[in-house]
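**Student:**
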Amino acid sequence: MKTPAEWKTLFESSAFARQTNYSGPLGPEYNPSGTRLRLWAPTAQKVSVNLYRRGDGGACMGTLPLEQHGQGVWSVYLPGDQHGHYYTFTVEVDGTAYETGDPYARTAGVNGLRSMILDAPRIDPPDWNHDHRVIVPASRRTVWEVSVRDFSQDPACGVRNAWRGKFMAFTQKGTTLSSAGTFPTCLDYLKRLGVGYVQLMPIFDFGSVDESRPLTRQYNWGYDPTNYNVPEGSYSTDPTKGEVRVRECKEMIAALHAAGIGVIMDVVYNHMYRSENPLNSTVPYYFFRQNEDGSLSNGSGCGNEFASERPMARKYLIDSVLYWAQEYHIDGFRFDLMGIHDIETMNEIRKAATAADPTIFIYGEGWAASAPQLPQDSLAMKANTYKMPGIAAFSDEMRDALRGPFNDNHQGAFLAGLPGGEESIKFGIAGAVKHPQVNNEGVNYSKAPWAEQPTQMISYVSCHDDMCLVDRLKASVPGITPEELTRLDKLAQTAVFTSQGVPFIYAGEEVMRDKKGVHNSYQSPDSVNAIDWKRKTEHADVFAYYKGLIQLRKNHPAFRLGDAGLVREHLEFLPVEGSNVVAYRLKGHAGGDTWGNIYVVLNARKETAKVSVPEGKYTVVCKDGFISEQGLGTMYGPEISVPAQSAMIFYQ
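The structure is reproduced here in structure tokens:
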């Protein structure tokens, strides 16, 4: 029996790679006359398939051996129409037998334990063949992040009870707030807000919610993958039937596409839920990096880290991304802990996605939970973004310069009136590209620009895995009043949406969402996580402001130049006296903008800030927490006054 260290030596040998690299199809290949199952299991001595009528319970109908082929592939042919039949594999490796689902399963029964053979066209939604990805040019992207459950779990949202917290909630039109029927919610609300993409937190099959107990109060974000290519059953109306989760997931996507909204899938390829998972049970240790003693390394902080650099692990990631893009028409992918993956793999994923559709958007977290088992310069870390054309990364420089560091909820920054974050905010405004007026020595985390193009930077101030913006402001600004809270919230997002990067907001921030101060709400109840839709009526001015920022960015290319050379040519930072003010102009009809010279001033001081500008007449479009592209009035240089804790945008 091999030790874990011996497996590591084997898997990292060039001889093993030559003998076992396989480029053909894996998983179930359905045909009405019969289905071929293929499994890559090069270390197995024996493989068999166990057949079931149901996704859970019931006796095994029979077991058949798989035949071994070259490159480590095993296969078996099942004659007749197998649609709706369930199966598992028993894989014998080094004297130990593992029963497991198919790593390439297309759908599954309850909790993903039994894979299901599927004839997808048979159960596709009506007109699915006419559904297409939404084309959003790189320079016009905006992202709204949400959990499927959070979106519609609030009873006041107006979604029918059976669909609340499910995929199907995204398909219901005409929903309104139950206490005020004129306020749209859910899908109609998103259309009114105007976002380009909805980023869905994990929708693949995850392990932390027991699908066999749908009436039990359970909550989890789902960053614990079980089956990468299977939709999550708890988000379907019937997790016992594998075809239901597939059809309803596609219906959700089709409804968003019909509304003109792209769908981004949050993918957690960096680790899997526990070590007993389909990949590790099929080829123990191969798909996960190992320490020198052979034990699983833990760069993800979740018990294992994916070995993306191994050839068949890389193939698995590429195949999975292409499957979701082609079968589900997914518009983009957000990689959780992208810094665990190697650069070559991410570039191969980008290449494959571009061949399928060059508009597919790919970005991720350019970091890991702890040091992965590869050299830093070979990993898809934020600092290496310039090595990955067409892939973007989140900017924690701008985020933390605005609201304070990730590791201290009570420490404020620019928004709290503390000096020192201005250079980092300028770094973010420029889109993390080289700019002659950004002094990188004064930037908090990056002493050099890391993006080749501004579209490679995700601009944000909060997301799911930290305090939401409202909670963070309450925690970091002592004695903050409701009025200050609103002003600073609007100020923060003005920086985000006028940045040359890609703007990103956490769902509900546009109505002052709070999560009762919970920093990491991954398993908090709905009372903490669900979007409280009545806030739309309570904070209509904030919603209008966010909507105005989104519309302003859409209508004016100066805020989304999309090219580093144009950013350096047209973006000019203005001198200001003192701290806690950032001012700049976009000059010379930047990007062909109809507004000649556009000025943006971000004032986090508790008093009015004065900024010098050239002589002349200016039209104000953003002031005192209001936005109107038609104009809020006029003013004249050479000095303008910007009210406390607010942004001002004006043009000449």
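Numbering-wise, this note's numbering puts 219 at position 219 of the sequence shown, and it's gapless, one number per residue. Positions of the beta carbon are idealized from the N, C-alpha and C atoms, including for glycine. Everything numeric in this text was worked out from a predicted model, so none of it was measured.
Name, in chain order, the residues that DSSP records as bridge partners for residue 1.
**Tutor:** BP columns for residue 1 are empty, so no partner.
**Student:** Excluding the 5 residues preceding and the 5 following residue 629 in the sequence, name in chain order all residues of the same chain whose CB lies nearer than 6 Å to its CB.
**Tutor:** Cβ within range, chain order: 621.
**Student:** What first and last residue would you give for the beta strand (DSSP E) that runs through residue 658?
**Tutor:** With the chain covering only 1 through 652, there is no way to say anything about residue 658.
**Student:** Do the stretch 630-650 and the stretch 606-614 make contact, defined as three or more Cβ pairs closer than 8 Å?
**Tutor:** Yes: the two stretches touch, three or more of their Cβ pairs being nearer than 8 Å.
**Student:** How many angstroms separate the CA atom of residue 344 from the CA atom of residue 378?
**Tutor:** The straight-line gap from Cα to Cα measures roughly 8 Å.
**Student:** For a quick check, are the C-beta atoms of residue 20 and residue 312 less than 8 Å apart?
**Tutor:** Yes, Cβ-Cβ distance for residue 20 and residue 312 is below 8 Å.
**Student:** Which residues bound the beta strand (DSSP E) around residue 40?
**Tutor:** Looking at the DSSP string, the run of the beta strand (DSSP E) that includes residue 40 is 34-40.
**Student:** Would you give the residue range spanned by the beta strand (DSSP E) that residue 50 belongs to?
**Tutor:** Start and end: 46-52.
**Student:** Helix, strand or coil for residue 340, going by three-state DSSP, please let me know.
**Tutor:** In the structure shown, residue 340 sits in a helix (DSSP, three-state: H, G or I).
**Student:** With a Cβ-Cβ cutoff of 8 Å, do residue 511 and residue 461 count as a contact?
**Tutor:** Not in contact: residue 511 and residue 461 (Cβ atoms no closer than 8 Å).
**Student:** What would DSSP say about residue 7, mapped onto helix, strand or coil?
**Tutor:** Here residue 7 sits in helix by DSSP.
**Student:** Applying the 10 Å Cβ sphere with the 16-neighbour rule, what's the burial state of residue 509?
**Tutor:** Counting Cβ neighbours within 10 Å, residue 509 comes out buried, since at least 16 surround it.
**Student:** Measuring straight from C-alpha to C-alpha, what distance separates residue 50 and residue 292?
**Tutor:** When rounded, the distance between both Cα atoms is 36 Å.
**Student:** Using the C-alpha atoms, what's the distance from residue 120 back to residue 48?
**Tutor:** Using only the alpha carbons, I get a separation of about 25 Å.
**Student:** Excluding the 5 residues flanking residue 576 on each side, which residues of the same chain have their C-beta closer than 8 Å to its C-beta?
**Tutor:** Counting only Cβ-Cβ distances below 8 Å, and skipping sequence neighbours, we find 582, 583, 609, 611.
**Student:** Between which residues of its own chain and residue 111 is the CB-CB distance below 6 Å, once the five residues before and five after are set aside?
**Tutor:** For residue 111, where only same-chain residues beyond five positions count, the Cβ hits under 6 Å are 211.
**Student:** Out of 446, 310, 483, which one is the CA nearest neighbour of residue 285?
**Tutor:** Taking only the C-alpha atoms, the option nearest residue 285 is 310.
**Student:** Give me the residue from 38, 645, 539 with the minimum Cα distance to residue 488.
**Tutor:** The candidate whose alpha carbon is nearest that of residue 488 is 645.
**Student:** Quick one: Cα of residue 10 to Cα of residue 17, how far?
**Tutor:** Going by the C-alpha atoms only, they are around 9 Å apart.
**Student:** Sort 631, 618, 96 by Cα distance to residue 637 and report the nearest one.
**Tutor:** For residue 637, the nearest C-alpha among the options comes from 618.
**Student:** Does the beta-carbon of residue 135 have 16 or more other beta-carbons within 10 angstroms, so that it is buried, or is it exposed?
**Tutor:** Exposed is the call here.
**Student:** Nearest to residue 517 by alpha carbon, out of 423, 496, 410, 490?
**Tutor:** Ranking the options by Cα distance to residue 517, first place goes to 410.
**Student:** Below 8 Å on the Cβ atoms is my contact criterion, and I expect residue 114 with residue 62 to pass it. Report the Cβ-Cβ distance as a whole number of Å.
**Tutor:** Not quite, the Cβ-Cβ distance comes to about 14 Å (not below 8 Å), so this is no contact.
**Student:** Can you tell me whether DSSP reads residue 252 as helix, strand or coil?
**Tutor:** Residue 252 falls in the helix class under three-state DSSP.
**Student:** Buried or exposed: residue 426, going by 16 or more other Cβ atoms within 10 Å of its Cβ?
**Tutor:** Buried, by the Cβ-count rule.
**Student:** Leaving out the 5 sequence neighbours to the left and right, which residues in its chain are closer than 6 Å to residue 195 when beta-carbon positions are compared?
**Tutor:** Hits under 6 Å: 142, 144.
**Student:** Anyone know if the C-beta pair for residue 654 and residue 652 falls short of 8 Å?
**Tutor:** Missing from the structure shown is residue 654; the chain here goes from 1 to 652 and no further.
**Student:** Look up residue 511 in the DSSP assignment and say whether it is helix, strand or coil.
**Tutor:** Residue 511 falls in the helix class under three-state DSSP.
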